[in-house]
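Down below is the structure, laid out as structure tokens.
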Amino acid sequence: MQITWRWISTIAVIPLLLTLPQKAKAQEDPGACFMVTSSGRTLSLSKLCAGKIPDVFRIPIKRHIAKTPVIDVVFNGNQTSEMILDTGASLTLIPQDLANTLNIQPVGTLQVGIADGSEVEFKTGQIPTVAVGGVLVNNVDVAIAPKMKIGLLGHNFFDNYDIKILEKEVEFHRR
């Protein structure tokens, strides 16, 4: 009896398929290595993807606000929103309407110093997953801004990456 590689690879995949939860949603970006289960839990698959995750992710710039890039950000695997990539912000800031859409429950408050030197108080919460291209961060603390129309993607999202802003895209370089 001759066994083909196709048959062997099928046998090797069967135990993996049996352990996956029903209705699991696979990560759509081939550069990332995770999946989101039907209950919304994000599972890392980095051991299965070892050596396959790129060191650089390129994200298109949609437009600029005051010469600062605006990019698409995906929250909880299914809600896309434009955000300003703010290399001067230590914390990610989301508008109140996005917090409402994501059903973010405030868990505290935070005094924040802003660019003009004044301090503002924001409610704070946490978002289970935030993704830009192949970059995914779990349990991102956010400040909720009641009067802002667009959010700021801050260092607590891209802290493990060096950022290079080009003419039409932003590069995230893994450290």
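With the working numbering, letter number 48 in the sequence shown gets 48, and the count goes up by one each step, no holes. For each residue, glycine too, the CB sits at the ideal point set by N, CA and C.
**Asked** For T109 versus E121, is the C-beta distance shorter than 7 Å?
**Response** As a working mapping, residue 109 is identified with position 109 in the sequence shown. As a working mapping, residue 121 is identified with position 121 in the sequence shown. Cβ atoms of T109 and E121: closer than 7 Å.
According to DSSP, is E119 helix, strand or coil?
In the sequence shown, residue 119 corresponds to position 119, counting from 1. Of the three classes helix, strand and coil, the one that applies to E119 here is strand, per DSSP.
| field | Distance between beta carbons of I150 and T124, contact taken as under 8 Å | value | As a position in the sequence shown, residue 124 is number 124, starting the count at 1. As a position in the sequence shown, residue 150 is number 150, starting the count at 1. That pair is no contact at about 19 Å.
Short check: CB of I94 to CB of T68, under 7 Å? For the purposes of this step, residue 94 is identified with residue 94 of the sequence shown, where counting begins at 1. For the purposes of this step, residue 68 is identified with residue 68 of the sequence shown, where counting begins at 1. No. Outside cutoff.
key: Unbroken stretches of the alpha helix (DSSP H), 4 residues or longer, contained in the stretch 76-129   = 96-101
Taking 7 Å as the limit between beta carbons, can you name the residues of its chain near I165, skipping five residues before and five after? If you number the sequence shown from 1, residue 165 lands on position 165. Once the five neighbours on either side are set aside, the close Cβ partners of I165 are P69.
Who are the near neighbours of P60 in its chain, counting only those whose CB is closer than 6 Å to its CB and skipping five residues on each side? Reading the sequence shown from its first residue, position 60 is the one you call residue 60. Same-chain partners within the cutoff: E169.
Rounded distance between the beta-carbons of H155 and D55, thought under 8 Å: As a working mapping, residue 55 is identified with position 55 in the sequence shown. As a working mapping, residue 155 is identified with position 155 in the sequence shown. 19 Å between Cβ atoms; not a contact.
With N160 as the anchor, note down where its beta strand (DSSP E) starts and where it stops. The residue labelled residue 160 in the question sits at position 160 within the sequence shown. Counting along the chain, N160 falls outside any beta strand (DSSP E), and DSSP gives it neither H nor E.
- Would you kindly work out how many angstroms separate the C-alpha atoms of T92 and N139, rounded to a whole number? Here residue 92 corresponds to residue number 92 of the sequence shown, with the count starting at 1. Here residue 139 corresponds to residue number 139 of the sequence shown, with the count starting at 1. Distance between the alpha carbons of T92 and N139: 12 Å.
For this session: If I'm right that V137 touches Q126 with Cβ under 8 Å, what's the distance once you round it to whole angstroms?
Result: Counted from its first residue, the sequence shown places residue 137 at position 137. Counted from its first residue, the sequence shown places residue 126 at position 126. Not really, about 11 Å apart at Cβ, beyond 8 Å.
### Query
Can you give the Cα-Cα distance for Y161 and T80, rounded to whole angstroms?
Counted from its first residue, the sequence shown places residue 161 at position 161. Counted from its first residue, the sequence shown places residue 80 at position 80. Rounded to whole angstroms, Y161 to T80 spans 21 Å at the Cα level.
Report task. For S90, collect the residues of the same chain with a Cβ closer than 8 Å to its Cβ; drop the 5 residues on either side in sequence, then sort them by chain order. Result -> Here residue 90 refers to the residue found at position 90 when the sequence shown is read from its first residue. Hits under 8 Å: G154, H155 and N156.
Please tell me whether G133 and F57 are closer than 7 Å, where the distance is taken between their beta carbons. The count along the sequence shown starts at 1 and reaches residue 133 at position 133. The count along the sequence shown starts at 1 and reaches residue 57 at position 57. Contact: yes.
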